[in-house]
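As numbered in mature numbering (1 follows the signal peptide of the UniProt record, and there is no 0), residues -21 to -1, 1 to 132 make up the sequence shown, in order. So the structure is just underneath, and the comments pick up after that.
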Amino acid sequence: MTFRIACAAVLLSATALPVVAQPLPGLSSLLQSQQGRIAFSQLIAGQHLPGWIKKGGVETPMQEVTLDGTTYQLYYSCKPHDCAADRFALIYSPADNSMSGLWSRVDEKNHKEQLRWLNISDKFSVDGKTVLYAAISGSLANHPHDFNYTSQH
């Protein structure tokens, strides 16, 4: 009887498939959805942005942040072969299909950074900008739980 149990255990362990966590989607995945594509088109309409933002760059997995009780998806992308100098972050609300963004261009030679804020509403005037810049600077990736805010009344 013990032999049968041992054989069954060996067979079960040999046929068990490893569980692999699926990576979170990046910006390109969001833009493949019709809802995401429409919101992104509205965000960049009339903006003079580099082609890599419109066509896609090097991206990291989406991160979720909570601002004033609402959960948002935050996406980061950078220019291929120039990630340190040309970066883009986007915050997206699936609930109302709205987006805001930040494009950062760094000029190392002149020690300057140019920021372009896209569709920053009053609700994002402080915390939204903080989270977008944290994504650009790498702080959000290094401290993901430090960028969830609730209003203090």
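By construction, the Cβ of each residue, glycine as well, lies at the ideal position given by its N, Cα and C atoms.
Item                                                                                                                                                      : Value
Rounding to the nearest angstrom, what Cα-Cα distance links LEU(-5) and LEU3 in this structure?                                                           : Only weak support is given to the placement of LEU(-5): the predicted model assigns it a pLDDT of 45, under 50, and the question is left unresolved by the model.
Closer than 7 Å, CB to CB, is GLN93 near chain B or not?                                                                                                  : Looking for chain B here will not work: only one protein chain is present.
Quickly, what does DSSP pair TRP82 with across the bridge? List them, please.                                                                             : PHE67, ARG95
Going along the chain, which residues of its own chain have a beta-carbon closer than 6 Å to the beta-carbon of ILE23, five neighbours each way excluded? : none
Report the option in PRO29, ASP61, ASP47 whose CA atom is closest to the CA atom of ASN127.                                                               : ASP47
Within its chain, find whatever has a CB closer than 7 Å to the CB of ALA113; leave out the 5 residues flanking it on each side and keep chain order.     : LEU119, PHE126
Taking MET41 as the reference, which of TYR71, SER12, LYS88, ASP86 has the closest Cα?                                                                    : TYR71
Kindly indicate the opening and closing residues of the beta strand (DSSP E) around TYR54.                                                                : 49 to 57
Quick check on the DSSP output: the beta strand (DSSP E) that includes VAL44 runs from which residue to which?                                            : 42 to 46
Please classify residue 135 as buried or exposed, where buried requires at least 16 neighbouring CB atoms within 10 angstroms.                            : No answer is possible for residue 135: it lies beyond the span of the chain, which begins at -21 and ends at 132.
What's the gap between the Cα of GLY117 and the Cα of ARG16?                                                                                              : 25 Å
Quick one: grab the DSSP three-state call for VAL110.                                                                                                     : helix
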